[in-house]
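In the numbering used here, the protein residues as written are 1 to 206.
Glycine included, each C-beta is placed from N, C-alpha and C at the ideal position.
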Amino acid sequence: MSLKKIAVLISGGGSNLQAVIDKVHKKDGIIDVVISDEDDAYGLTRAKNADIDTLVINNKSYPTREEFADKIKEELLKRNIDLIVLAGFMKILPPSFAKTFKNKIINVHPSLIPSFCGKGYYGIKVHEAVLNYGAKITGATVHFADEGADTGPIIIQGTVPVFTEDTPEILQKRVLEVEHMILPKAVSLFCLDKLVVKGRIVYIKE
């Protein structure tokens, strides 16, 4: 059986991309391309170091969000991509994109969904909100992306404690370590056909 083809979408440093390269690439799946919306994203260098094709598709080059998404969609369909991984991709794609690739888009979010997620919750803002609320536990969630913001079926979650002396930056680093564990695991499970989605529930086959 041939390995599933993966596309990873990034916007920045690409540490989650690196985790997928290290733990999944050429083992359970093949990263066929890394697409960035920023031409100076360090994740592009990570991809090139692993001899993975890269593309820059900048939203500023397109009049509308739909046309930007259509260009990405065109590349993915041309390459017969099986799985799209959103690894720190900071642009919101329109609902039509999620419909085209239903249950084929995996996103990682730095909180325990459904807490601290949705519109306005991204990056350091998530960890600031966790601390301001006084939560005692937080973590990361890998889920299928659907037409909403962080509303798709949950695949895996990992938890970390919140300490009184935490700053948003310290908490972010601790949560990122969990992301680096659960995102590659979810990608591997998808590539090995071990995920079954029924409504909102994702079942993991033995």
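Note down, in chain order, each residue of its chain lying with its Cβ closer than 7 Å to the Cβ of residue i, except the 5 sequence neighbours on either side.
i	result
glycine 118	Ala149, Asp150
isoleucine 204	Leu189, Lys194, Leu195
lysine 48	Thr54
valine 178	Gly139, Ala140, Gly158, Val160
Mind checking who residue i pairs with in its DSSP beta bridge?
i	result
lysine 136	Paired residue(s): none; lysine 136 is not in a bridge.
tyrosine 203	Val196
threonine 141	His109, Gln157
threonine 54	Val34
Cutting at 6 Å between CB atoms, please list the residues of its own chain near residue i, excluding the five before and the five after it.
i	result
isoleucine 81	Lys5, Ala7
valine 126	Pro110, Ser111, Phe116
isoleucine 201	none
Three-state secondary structure (DSSP) at residue i?
i	result
proline 153	coil
lysine 27	coil
serine 36	strand
threonine 45	helix
alanine 7	strand
aspartate 166	coil
serine 61	helix
serine 15	helix
serine 2	coil
So, at 8 Å on beta carbons, what are the nonlocal neighbours of residue i in its own chain, with the 5 sequence-adjacent residues on each side left out?
i	result
glutamine 157	Leu112, Ile113, Gly139, Ala140, Thr141, Val142, Ile182
isoleucine 106	Leu83, Ile84, Val85, Leu86, Val142, His143, Phe144, Ala145, Ile155, Leu183, Ala186, Val187, Phe190
glutamate 147	Pro95, Ala98, Lys99
Among the options, whose alpha-carbon lies nearest the alpha-carbon of residue i?
i	options	result
asparagine 103	Gly123, Gly14, Val85, His180	Val85
isoleucine 92	Lys23, Ala69, His180, Pro110	Ala69
glycine 13	Ile21, Ser2, Leu44	Leu44
tyrosine 133	Phe116, Glu147, Gly123	Phe116
threonine 41	Leu171, Tyr122, Gly88	Reading off the sequence shown, one finds alanine at residue 41, where the question assumed threonine. The shortest Cα separation from alanine 41 among Leu171, Tyr122, Gly88 belongs to Gly88.
proline 94	Lys78, Tyr121, Lys71, Val175	Lys71
valine 34	Val24, Ala19, Ile10, Lys26	Ile10
Quick one: complete alpha helix (DSSP H) runs, 4+ long, within the segment 78 to 123?
95 to 100
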